[in-house]
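A.B. asks:
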Amino acid sequence: MLSLEFIRKNPDAVRRAAQLKGEPAPVDEILRLDGVWRGHLHKAETTKAEQNELSKQFAKSRDESLKERLRQMADTAKSELAVADAVKRELDDLLLRVPNVFHESVPVGESEAENVVVREWGSKPDLGFAARTHYDLGEALGILDFERAVKIAGSRFAFLVGEGARLERALVQFMLDVHTREHGYTEVWSPLLVNSAAMTGTANLPKFADQLFKVEGRDLWLIPTAEVPVTNYHREEILDADQMPIKYVCYAPSWRTEAGAAGKDTRGFIRLHQFSKVELVKVTTAETSLDEFERLTRDAEDILQRLGLHYNVMLMCTGDMGFAQYKKYDLNAWAPGLDRYLEVSSCSTFNDFQAMRANIRYRPERGAPPRFAHTINGSGLALTRTIDAIIETYQRSDGMIAVPEALKPYMGGVELIGAR
RNA sequence: GGGGAGGUGGCUGAGUGGUCGAAAGCACCCGCCUGCUAAGCGGGUAGGGGGUGUAAAGCUCCCUCGAGGGUUCGAAUCCCUCCCUUCCCGCCA
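If you're matching positions, the first sequence starts at 0 in numbering that gives the first Met the number 0 and goes up one per residue.
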């Protein structure tokens with residue numbers, strides 16, 4: 000969230016950022032309630048101060064004639080505070096609904112059409128024959144099964160079978176190994192159900208409740224990304240600056256309702272209610288967050304390069320970047336069969352927006368007052384669509400799929416999927 | 001699931017109605033002392049919010065002893081609800 004203080008001092012900047020993001024922002028209502036809140040709070044606190052003073056006198060003198068005044072003061076302080084608290088709750092709720100501002104390097108734009116490709120790696124492969132889609136190939140090879148998933152769970156679910164499931168496991172191992180051994184991340188295994196406080200910390204609540212699966216009758220939600228539990232790992236903590244940046248990598252399944260995506264990507268292994276992801280999360284100081292964000296993006300890109308997949312890096316424009324993000328890159332891998340790019344990673348930095356919600360702070364130096372940390376995350380990578388890109392990029396004219404060099408050590412001797 | 005114990009500052013741990021945001025110890029910081037280090041001596045060290053201030057500093061007030069309610073002029077201390085930790089029993093991958 001943005002702090003009340005920041006909104007007080009920069010109401011126009013907040014309004015402008017929200018408008019360019021295409022998000023509503025109740026700035027006027029916040030400023031109004033802020034005045035009301037402070038009025039009642041001030042009254043409550045001054046009354047309380049008088050009461051405390053007189054109460055001390057009473058403790059000494061036991062002068063019963065003071066009691067009636069004390070009682071009145073207590074009543075006044077209590078009722079004023081009750082009003083102040085009620086207004087503050089309303090205010091806090093509105094604050095959670097104000098979108099983040101964005102970095103000056105973010106292009107202004109309304110839709111994905113105004114996103115900017117900042118770099119590309121590799122080129123579209125020339126297969127020498129008509130490329131088939133991953134779902135066509137996958138079903139033919141028996142490594143992807145959508146029909147049976149419908150029977151078990153419904154649409155937007157899938158089974159990976161045999162060498163398909165093995166491919167997913169190989170990718171997970173490969174990515175975790177690279178990020179832990181070469182990029183310096185600490186591996187984390189986390190709860191896959193989290194409470195509302197955690198969801199609020201990463202800004203999935205209150206605005207995006209309809210995107211989440213909820214456990215009936217309990218304050219537990221299925222995570223839409225490991226970003227939620229891992230970022231919240233340090234909630235309510237004050238960290239030491241010298242232990243930062245903190246870097247975690249976490250493999251976890253993710254669940255999303257895909258509300259609002261009806262009819263979109265219904266075909267194929269692209270947009271599912273459940274998918275796997277290796278997630279990168281950093282908690283950094285204010286000074287280093289932009290650099291660390293660039294590095295995290297490169298760490299994710301490194302996986303694509305090692306897999307030999309053509310991709311681009313796209314800088315999201317204001318209208319396409321989202322409520323909480325301060326700056327965001329998407330990594331899009333080329334899928335020759337689909338003849339389009341697939342978003343395999345989304346890397347974002349949040350400034351102190353999430354840290355403020357989750358109350359993650361650090362002490363810049365010994366004895367200094369705590370500051371809010373900066374949080375960063377990105378997929379490194381999403382498994383589902385990476386598998387699509389691999390299948391379509393490494394397909395052969397005979398319908399079999401070559402295993403990328405980097406994955407061979409993880410495939411238990413399988414070098415060609417479909418050969419058996 | 002049943003029963004017992006317990007949640008206090010960075011840590012350990014006192015504190016059962018007022019003078020307690022909180023003894024003491026540890027840790028850490030600043031001085032002094034000292035060939036150097038250690039020891040010793042003195043001082044300091046929680047977080048949040050409001051007001052004032054151009055701002056920083058400062059001053060001042062309020063809140064916070066797991067969370068939320070309640071009793072009381074006054075609550076870390078009494079009462080209620082919830083959460084969590086731990087031990088014993090039961091169950092279980």
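C-beta atoms are modelled at their ideal positions from N, C-alpha and C, and glycine is treated no differently. Treat the numbers as computed from the prediction; the structure is a model and nothing was measured.
Tell me the rounded alpha-carbon separation between residue 154 and residue 110.
C.D. replies: For residue 154 and residue 110, the distance between alpha carbons rounds to 28 Å.
A.B. asks: So which of 34, 23, 392, 19 has the shortest CA-CA distance to residue 4?
C.D. replies: Residue 4 has its Cα closest to that of 34, out of 34, 23, 392, 19.
A.B. asks: Within a Cβ cutoff of 6 Å, which residues of the same chain sit near residue 86, ignoring the five residues on either side of it in sequence?
C.D. replies: So the qualifying residues of the chain are 32, 35, 36.
A.B. asks: At 3 residues or longer, what runs of the beta strand (DSSP E) sit wholly inside the stretch 319-361?
C.D. replies: List check, beta strand (DSSP E) in window: 326-334, 339-348.
A.B. asks: Which residues in the same chain have their Cβ closer than 7 Å to the Cβ of residue 209, if we skip the five residues on either side of it in sequence?
C.D. replies: For residue 209, where only same-chain residues beyond five positions count, the Cβ hits under 7 Å are 256, 258.
A.B. asks: Does residue 285 come out as helix, strand or coil in the three-state DSSP assignment?
C.D. replies: Here residue 285 sits in coil by DSSP.
A.B. asks: If residue 115 sits next to residue 106, beta carbons under 8 Å apart, how far is it from one beta carbon to the other, in whole angstroms?
C.D. replies: 5 Å between Cβ atoms; contact.
A.B. asks: For residue 422, which of helix, strand or coil comes out of DSSP?
C.D. replies: With the chain covering 0 to 419 only, the question about residue 422 has no answer from this structure.
A.B. asks: Would you mind listing the beta strand (DSSP E) stretches within the stretch 115-147 that are 3+ residues and don't spill past its ends, in chain order?
C.D. replies: The qualifying runs are 115-120.
A.B. asks: Please say whether residue 279 and residue 461 have beta carbons closer to each other than 8 Å?
C.D. replies: Residue 461 cannot be examined here, being either before or after the span of the chain that is shown, 0 to 419.
A.B. asks: Check whether the Cβ atoms of residue 328 and residue 296 sit closer than 8 Å, and answer yes or no.
C.D. replies: Cβ atoms of residue 328 and residue 296: closer than 8 Å.
A.B. asks: Return the first residue and the last residue of the beta strand (DSSP E) that residue 185 is part of.
C.D. replies: Where residue 185 is concerned, the enclosing beta strand (DSSP E) stretches over 185-187.
A.B. asks: What separation, rounded to the nearest whole angstrom, lies between the Cα atoms of residue 156 and residue 147?
C.D. replies: Approximately 9 Å, taken between the alpha carbons.
A.B. asks: Report back the beta-carbon spacing between residue 202 and residue 323 to the nearest angstrom; my notes put them in contact at under 8 Å.
C.D. replies: 4 Å between Cβ atoms; contact.
A.B. asks: To the nearest angstrom, how far is the alpha carbon of residue 381 from that of residue 228?
C.D. replies: Cα to Cα, residue 381 sits roughly 17 Å from residue 228.
A.B. asks: How many angstroms separate the CA atom of residue 136 from the CA atom of residue 385?
C.D. replies: Near 15 Å, if we compare the C-alpha coordinates of residue 385 and residue 136.
A.B. asks: I believe residue 69 touches residue 50 by the beta-carbon criterion, under 8 Å. Please report the beta-carbon distance rounded to the nearest angstrom.
C.D. replies: About 6 Å; that satisfies the 8 Å criterion.
A.B. asks: Looking at the unbroken beta strand (DSSP E) that takes in residue 236, where does it start and where does it end?
C.D. replies: Per DSSP, residue 236 belongs to the beta strand (DSSP E) from 236-239.
A.B. asks: Helix, strand or coil for residue 158? Go by DSSP, reduced to three states.
C.D. replies: Residue state, collapsed to three classes: strand.
A.B. asks: In terms of alpha-carbon separation, which member of 13, 221, 334, 391 lies closest to residue 252?
C.D. replies: The shortest Cα separation from residue 252 among 13, 221, 334, 391 belongs to 221.
A.B. asks: Can you tell me whether residue 173 is helix, strand or coil according to DSSP?
C.D. replies: Three-state DSSP puts residue 173 in a helix.
A.B. asks: Checking 8 Å against the spacing of the C-beta atoms, do residue 16 and residue 124 come in under that value?
C.D. replies: Cβ atoms of residue 16 and residue 124: not closer than 8 Å.
A.B. asks: DSSP on residue 35, reduced to helix/strand/coil?
C.D. replies: Three-state result, residue 35: helix.
A.B. asks: Hey, is the stretch 263-276 in contact with the stretch 308-322, meaning 3+ C-beta pairs nearer than 8 Å?
C.D. replies: As far as the Cβ criterion goes, the stretch 263-276 does not touch the stretch 308-322, which means the pair count is below three.
A.B. asks: Taking a contact to mean a Cβ-Cβ separation below 8 Å, would you say residue 401 touches residue 393 in this structure?
C.D. replies: Contact flag set, yes.
A.B. asks: Quick check on DSSP: helix, strand or coil for residue 274?
C.D. replies: Note: residue 274 maps to strand in three-state DSSP.
A.B. asks: Near residue 244, which residues of its chain fall below 8 Å by C-beta distance, leaving aside the five closest residues on each side in sequence?
C.D. replies: Correct list, in chain order: 281, 282, 283, 284, 287, 291.
A.B. asks: Would the stretch 345-356 count as touching the stretch 39-56 if we require 3 or more Cβ pairs under 8 Å?
C.D. replies: Output reads no: the stretch 39-56 does not touch the stretch 345-356.
A.B. asks: Check residue 206 in the structure and name its three-state DSSP category.
C.D. replies: If DSSP states are grouped into helix, strand and coil, residue 206 belongs with coil.
A.B. asks: Taking the beta carbon of residue 183 as the centre, do at least 16 other beta carbons fall within 10 Å, making it buried, or is it exposed?
C.D. replies: Counting Cβ neighbours within 10 Å, residue 183 comes out exposed, since fewer than 16 surround it.
A.B. asks: Classify residue 8: buried if its beta carbon has 16 or more other beta carbons within 10 angstroms, exposed otherwise.
C.D. replies: Label assigned to residue 8: exposed.
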